[in-house]
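Okay, structure first, notes after.
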Amino acid sequence: TDARGCFFESLRCEEIGAAAGHRFAVQQINYSVSARGTLRGLHGVALDPGQAKYVSCVRGVLQDIVVDLRLGSATFGQYTSSVLDAASGTAVYVAEGLFHGFLALAEDTCISYVCSTAYVPGTQIDIHPLDPALGLPWQLEGEPLLSDKDAAAPTVADAARAGVLPRYADCVELYRALAPAPAGDSDNQAGRARPAGREK
619 TDARGCFFES
629 LRCEEIGAAA
639 GHRFAVQQIN
649 YSVSARGTLR
659 GLHGVALDPG
669 QAKYVSCVRG
679 VLQDIVVDLR
689 LGSATFGQYT
699 SSVLDAASGT
709 AVYVAEGLFH
719 GFLALAEDTC
729 ISYVCSTAYV
739 PGTQIDIHPL
749 DPALGLPWQL
759 EGEPLLSDKD
769 AAAPTVADAA
779 RAGVLPRYAD
789 CVELYRALAP
799 APAGDSDNQA
809 GRARPAGREK
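In our numbering, the protein residues as written are 619 to 818.
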């Protein structure tokens with residue numbers, strides 16, 4: 619940082635792989651821009667192909683929540699909640715099989731998704747973000763802005779009955795099938811916040 623401004627390194631795949639316990643290869647990068655009060659999610663991807671995400675806020679402020687809905691997981695139904703903003707450079711890694719959502723806390727909030735696989739139509743799994751069974755602590759100031767698709771998403775119980783939730787054992791098999799990183803525990807990944815920026 620100097621009078622001109624600053625420079626940050628936002629991502630090193632080998633560092634993500636070391637923390638996750640398995641390889642993180644970038645295949646697609648997406649951005650979404652949201653008005654304040656917009657709630658997106660909860661979204662997951664079926665394990666064929668499966669998708670890990672590295673999520674950061676590039677403008678504005680957002681509340682990010684990652685939920686473990688892997689059937690058979692010891693942490694099923696548990697979540698992590700983080701506030702991300704452009705100034706801090708904090709990011710969240712979302713392992714394959716986990717579900718993700720966020721609430722825009724400022725106008726014109728822009729979020730970046732660095733994804734391990736490209737989008738495949740028909741593989742997204744949606745769960746209603748306000749499912750009372752989850753009791754997620756969204757920082758709502760009123761009724762959220764939801765897409766029609768998210769508003770019509772099933773509850774966790776309905777998704778489980780429909781057989782669309784990932785199985786923990788299948789997730790572990792996928793983690794082990796990926797090229798191992800130097801360190802980390804692949805058996806029980808959770809969404810975890812970390813500083814995304816390295817100042818130069």
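Note that CB positions come from ideal geometry on N, CA and C, so glycine has one too.
Own chain residues within Cβ distance below 7 Å of residue i, not counting five before or after
i	result
Gln-669	Val-663, Glu-714, Cys-733, Ser-734 and Thr-735
Phe-694	Asp-686, Leu-687 and Arg-688
Buried versus exposed, by CB contacts within 10 Å (16 or more), residue i
i	result
Ser-700	buried
Ala-769	exposed
Asp-682	buried
Arg-622	exposed
Ala-801	Low local confidence applies: a pLDDT of 48 at Ala-801 is under 50, so the model's placement there is unreliable, with the coordinate-based value given in what follows. Flag for Ala-801 reads exposed.
Leu-792	buried
Arg-794	exposed
Arg-658	buried
Reduced DSSP category for residue i - H, G, I as helix; E, B as strand; rest coil
i	result
Ile-647	strand
Ile-745	coil
Gly-719	strand
Gly-802	With a pLDDT of 48 at Gly-802, under the threshold of 50, the modelled position of this residue cannot be trusted; read the value that follows with caution. DSSP places Gly-802 in coil when its eight states are reduced to three.
Glu-627	strand
Delimiting residues of the alpha helix (DSSP H) encompassing residue i
i	result
Leu-792	786-795
Arg-641	No alpha helix (DSSP H) holds Arg-641; DSSP gives it neither H nor E.
Gln-663	Looking at the sequence itself, residue 663 is Val, so the reference to Gln does not match. Where Val-663 is concerned, there is no enclosing alpha helix (DSSP H), although the beta strand (DSSP E) it sits in stretches over 657-663.
Asp-766	766-769
Own chain, CB closer than 6 Å to residue i, minus 5 neighbours either side, in chain order
i	result
Ser-730	Tyr-649, Ser-674 and Val-676
Val-651	Cys-728
Ala-771	Asp-744, Ile-745 and His-746
Glu-632	none
Bounding residues of the beta strand (DSSP E) (the contiguous stretch that carries residue i)
i	result
Arg-622	Unbroken run through Arg-622: none, as it is neither H nor E.
Ala-778	Looking at the DSSP string, Ala-778 is not in any beta strand (DSSP E); the run it does join, the alpha helix (DSSP H), is 774-780.
Asp-703	697-703
Arg-677	671-677
Thr-693	Note, Thr-693: premise wrong, no beta strand (DSSP E); not H, not E.
Ala-709	708-712
Tyr-608	With the chain represented from 619 up to 818, any question about residue 608 goes unanswered, as that position is not in the structure.
Cutoff 8 Å; reference residue i; Cβ partners in own chain excluding five residues on either side
i	result
Gln-645	Cys-733, Ser-734, Thr-735 and Ala-736
Ala-777	Leu-687, Ile-743, Ile-745 and Leu-783
Cutoff 9 Å: residue i Cβ touching any chain D Cβ
i	result
Ala-770	You won't find chain D in this structure, because it holds only one protein chain.
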